[in-house]
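For the sequence shown, the numbering used here gives the first residue as 13, with consecutive numbering after it.
Positions of the beta carbon are idealized from the N, C-alpha and C atoms, including for glycine.
Bear in mind the structure is a predicted one, so any value in this text is a computation, not a measurement.
To start, the structure under review is shown below, and the notes come after it.
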Amino acid sequence: MTQENIKLDIDFVRSQFPAFKDPLSKDWSFFENAGGSYVPRNVIDKLTKFMTSTKVQPYAEYPMSKIAGNNMDKATKYFSQMINAQENEILVGGSTSINLYVLSNALKFIIKPGDEIIVTNQDHEANISPWRRLRDRGAKIIEWKFDKNSHELEISELKKLINNKTKILAVTHCSNIIGSINNLKEICEIAHKFNTLVIGDGVSFAPHGFPDVKELGVDFYTFSLYKTYGPHLALLYGKEEILKKLPNQNHEFLNGKYPYTINPGGPNHEELASLIGIYDYFENLYLHHFNDKDSSILEKIKKINKLISDHEEIIANPILDYLNKSKHFNLIGKSKIINKDRAPTISFTSNKMSSRELSDILVKNNIATRNDNFYAWRCLQSLGIDTIDGVVRISIVHYNSKNDVDKLIDVLKKIN
Ligand SMILES: Cc1ncc(COP(=O)(O)O)c(C=O)c1O
Numbered sequence: 013m014t015q016e017n018i019k020l021d022i023d024f025v026r027s028q029f030p031a032f033k034d035p036l037s038k039d040w041s042f043f044e045n046a047g048g049s050y051v052p053r054n055v056i057d058k059l060t061k062f063m064t065s066t067k068v069q070p071y072a073e074y075p076m077s078k079i080a081g082n083n084m085d086k087a088t089k090y091f092s093q094m095i096n097a098q099e100n101e102i103l104v105g106g107s108t109s110i111n112l113y114v115l116s117n118a119l120k121f122i123i124k125p126g127d128e129i130i131v132t133n134q135d136h137e138a139n140i141s142p143w144r145r146l147r148d149r150g151a152k153i154i155e156w157k158f159d160k161n162s163h164e165l166e167i168s169e170l171k172k173l174i175n176n177k178t179k180i181l182a183v184t185h186c187s188n189i190i191g192s193i194n195n196l197k198e199i200c201e202i203a204h205k206f207n208t209l210v211i212g213d214g215v216s217f218a219p220h221g222f223p224d225v226k227e228l229g230v231d232f233y234t235f236s237l238y239k240t241y242g243p244h245l246a247l248l249y250g251k252e253e254i255l256k257k258l259p260n261q262n263h264e265f266l267n268g269k270y271p272y273t274i275n276p277g278g279p280n281h282e283e284l285a286s287l288i289g290i291y292d293y294f295e296n297l298y299l300h301h302f303n304d305k306d307s308s309i310l311e312k313i314k315k316i317n318k319l320i321s322d323h324e325e326i327i328a329n330p331i332l333d334y335l336n337k338s339k340h341f342n343l344i345g346k347s348k349i350i351n352k353d354r355a356p357t358i359s360f361t362s363n364k365m366s367s368r369e370l371s372d373i374l375v376k377n378n379i380a381t382r383n384d385n386f387y388a389w390r391c392l393q394s395l396g397i398d399t400i401d402g403v404v405r406i407s408i409v410h411y412n413s414k415n416d417v418d419k420l421i422d423v424l425k426k427i428n
């Protein structure tokens with residue numbers, strides 16, 4: 013069978029997530045995935061096992077400690093292979109916001125008065141504020157604004173803004189409101205002609221397929237592991253040749269021991285070890301759908317990514333189509349996913365009621381969603397939307413089913 017003929021087995025997928033059987037959550041259609049996703053049982057099992065038998069200080073020679081340390085290293089190794097990075101290019105921190113703050117603190121030393129930094133108005137604030145604050149170092153902050161009609165960040169606009177003074181370009185791989193996927197590879201190619209470092213925010217991208225950071229060519233890339241089916245942690249990738257030049261922000265005796273030099277302190281041990289459960293889940297997903305066991309971890313991830321995005325496209329397009337044609341609702345962003353040019357993160361407002369009222373109706377109908385600005389308040393401001401009431405956001409991942417979508421569209425039709 014060619015990959016084209018293989019479809020995601022949604023019943024198998026859902027059977028891996030205990031939340032779909034839990035009395036509290038089983039009757040809900042869960043559409044808040046861009047806020048944080050459910051976890052497969054593999055992650056829960058790894059966390060429980062760590063806490064039960066290896067919850068000691070890792071890396072000593074007695075077995076409980078040795079196994080704890082081994083599992084923490086194993087998690088880093090798997091994740092590096094899943095995103096095509098080296099093990100010494102990965103850091104796991106508390107959240108993407110923390111990772112980007114810590115990174116900006118390390119990178120501030122490359123900024124001289126008069127240097128320029130490009131930020132966008134499409135990003136989540138986590139990838140804006142830390143870079144804007146570098147104006148205290150004398151940096152000039154330039155905003156790459158999305159197009160008022162298409163809501164996309166146009167490359168032609170970037171070309172007008174970037175120049176030899178641009179030291180940093182902070183840009184999202186995928187907007188958590190508009191859903192648009194930015195061509196990070198092309199953006200990096202342009203930026204590198206000016207020796208500009210690119211900081212990619214992959215938080216809204218990675219839940220729909222892990223990135224290949226080398227193929228993207230990005231200098232730094234971060235995503236939240238609690239949105240990619242894991243515990244509340246976030247991964248930061250940085251190119252080795254840049255990481256090794258950054259100042260030590262950790263204990264002084266760790267000088268030169270990158271990547272540990274970036275974070276002041278170590279990771280959350282039990283949660284780091286439980287990331288093996290995400291790897292195990294994706295491995296099981298692969299073995300359930302494909303026969304070729306000998307492929308590399310990266311090859312397996314790429315095949316799973318395709319299965320996932322095909323499934324997401326099939327189930328998300330009817331919602332996009334419904335919202336786009338409705339006179340009652342205002343859809344933000346592209347009205348159709350074609351070849352993964354948009355994430356199934358769907359934001360909209362109503363002409364007849366506030367986003368809060370709309371969200372309340374959906375929640376009463378067992379549709380887990382909310383209204384908010386989702387910390388992309390500059391994006392909402394530029395869209396002319398009240399940043400308190402915000403938008404209603406329906407965010408889909410691969411474990412959402414056609415039933416979830418049918419239920420949502422039925423409720424929207426009743427409101428209409
Ligand atoms: C696109 C995007 N970037 C960054 C963040 C911040 O992530 P964290 O909660 O891990 O700080 C979020 C969180 O929702 C997000 O959606």
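Leaving out the 5 sequence neighbours to the left and right, which residues in its chain are closer than 6 angstroms to residue i when beta-carbon positions are compared?
| i | result |
| --- | --- |
| L245 | V104, L237 and E283 |
| I153 | I129, R144 and R147 |
| L255 | Y270 and P271 |
| F42 | A380 |
| L343 | L335, N336 and F360 |
| G150 | P125 |
| S107 | A246 |
| A97 | V225 and Y249 |
| S37 | A31 |
| T66 | M76, I79 and A80 |
| N378 | D39 and W40 |
On a Cα-Cα basis, can you pick out the residue from the options that is closest to residue i?
| i | options | result |
| --- | --- | --- |
| Q134 | Y387, S407 and I320 | Y387 |
| S77 | D85, S109, N83 and V68 | V68 |
| V230 | L165, V25, S216 and I202 | I202 |
| D353 | C186, I174 and N280 | C186 |
| L297 | K318, G277 and S116 | K318 |
| K239 | A285, L228, I290 and D401 | I290 |
| N363 | V225, V403 and K348 | V403 |
| S109 | N303, L287, P279 and L247 | L247 |
| P223 | L209, T357, G277 and N194 | N194 |
| Y293 | N17, F24, I18 and K19 | F24 |
| N329 | R382, K314, A138 and G345 | G345 |
| E311 | D85, G221 and N378 | G221 |
| H136 | D322, I189, N82 and K157 | I189 |
| V210 | P259, N267, V131 and F235 | V131 |
| I10 | C391, D384 and I408 | Past the edges of the chain, shown from 13 to 428, lies residue 10, and the structure says nothing about it. |
| L258 | R405, I123, E99 and K86 | I123 |
| A118 | N260, I22, K177 and E325 | N260 |
| L10 | D372, L392, E324 and N83 | No information on residue 10 is available, as it lies outside the stretch 13 to 428 that the chain covers here. |
| K426 | L392, L374 and S407 | L374 |
| I274 | V114, I56, F91 and R53 | V114 |
Report all residues from its chain with a CB closer than 7 angstroms to the CB of residue i; omit the five preceding and five following residues, and keep chain order.
| i | result |
| --- | --- |
| N428 | S338 and H340 |
| K171 | I202 |
| R368 | N383 and D401 |
| K86 | I288 |
| N139 | L112, A182, T184, I211 and D213 |
| F121 | P259 |
| K58 | A285, S286, I288 and G289 |
According to DSSP, what are the bridge partners of residue i?
| i | result |
| --- | --- |
| D213 | T184 and T234 |
| A246 | G105 and S236 |
| F360 | L343 and V404 |
| T132 | W156 |
| I379 | S41 |
| R147 | In the DSSP output, where bridge partners are listed per residue, R147 has none listed. |
| D384 | V403 |
| R354 | S192 |
Less than 8 angstroms between C-beta atoms, sequence neighbours within five positions excluded: which residues of the same chain meet that for residue i?
| i | result |
| --- | --- |
| D159 | L165, E166 and E169 |
| L173 | I130, I154 and W156 |
| N100 | E252, L255, Y270 and P271 |
Task: the stretch 391-405 touching the stretch 303-315, judged by at least three CB pairs closer than 8 angstroms - done: no
Open item on the list: In chain order, what are the residue ranges of uninterrupted alpha helix (DSSP H) at least 4 long that sit wholly in the stretch 159-200?
Closed with: 167-173
Open item on the list: Does the structure place the stretch 412-419 close enough to the stretch 28-46 that three or more beta carbon pairs sit under 8 angstroms?
Closed with: yes
TODO: Inspect the CB distances between the stretch 205-216 and the stretch 171-189 and report whether three or more fall short of 8 angstroms.
DONE: yes
TODO: Please go through the stretch 59-110 and give each complete alpha helix (DSSP H) segment of 4 or more residues, from N-terminal end onward.
DONE: 75-94
Open item on the list: Extract the residue ranges of the alpha helix (DSSP H) inside the stretch 252-308, only unbroken runs of 4 or more that lie entirely within it.
Closed with: 252-255, 281-286 and 288-301
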